[in-house]
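See below for the structure under consideration.
Numbering (our numbering), first residue to last: 1 to 118.
As structure tokens, this is what we get:
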């Protein structure tokens with residue numbers, strides 16, 4: 001079981017419902033498609049910053065990475081990265097990921113709780 005977060009470029013939606021609609025639209029356009037969308041520069045920088053904190057699961061020999069899939073950049077599509085993390089590390093990793101997104105001017109959305117973060 002994993003815990004997922006979505007982070008994207010753009011204006012922060014007003015309220016959780018609007019954020020849920022934005023996430024669904026971005027997911028449908030960039031993830032649920034056969035068309036390949038390379039990550040934008042800002043999303044790639046965000047993923048790189050996450051990997052400065054914890055290594056990619058593909059390089060994790062000490063079982064310390066919170067990411068459930070790898071390489072993590074493989075979860076990035078255009079202006080969106082939708083990524084899973086291990087449930088056992090979800091609280092710490094999601095808090096860090098949300099704060100990092102905010103510091104980089106990105107939107108963070110928690111699909112499990114249908115709410116904006118932080």
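Yeah, the Cβ is synthetic: ideal placement off N, Cα and C, and Gly gets one too.
Judged by pairs of C-beta atoms under 8 Å, the segment 98 to 105 does not touch the segment 13 to 21, as fewer than three such pairs exist. Across the set 79, 80, 53, the C-alpha of 53 shows the shortest separation from the C-alpha of residue 67. Between the C-alpha atoms of residue 85 and residue 32 there is a straight-line separation of about 20 Å.
Counting only residues of its own chain and dropping the five nearest sequence neighbours on each side, residue 72 has a CB closer than 7 Å to the CB of 47, 50, 51, 56, 83. Around residue 8, the same chain offers 26, 79, 80, 107 as residues with beta carbons nearer than 6 Å, after the five sequence neighbours per side are excluded. The alpha-carbon of residue 113 is positioned some 10 Å away from that of residue 3.
Here residue 61 carries a coil assignment [DSSP, helix/strand/coil]. In this structure, residue 44 lies away from residue 6, with their beta-carbon atoms at least 8 Å apart. Annotation for residue 17: no beta strand (DSSP E) segment contains it, though the alpha helix (DSSP H) segment containing it runs 16 to 26. Residues 66 of the same chain have their beta carbon placed closer than 7 Å to that of residue 89, with the five preceding and five following residues left out of the count.
Annotation for residue 116: no alpha helix (DSSP H) segment contains it, though the beta strand (DSSP E) segment containing it runs 115 to 117.
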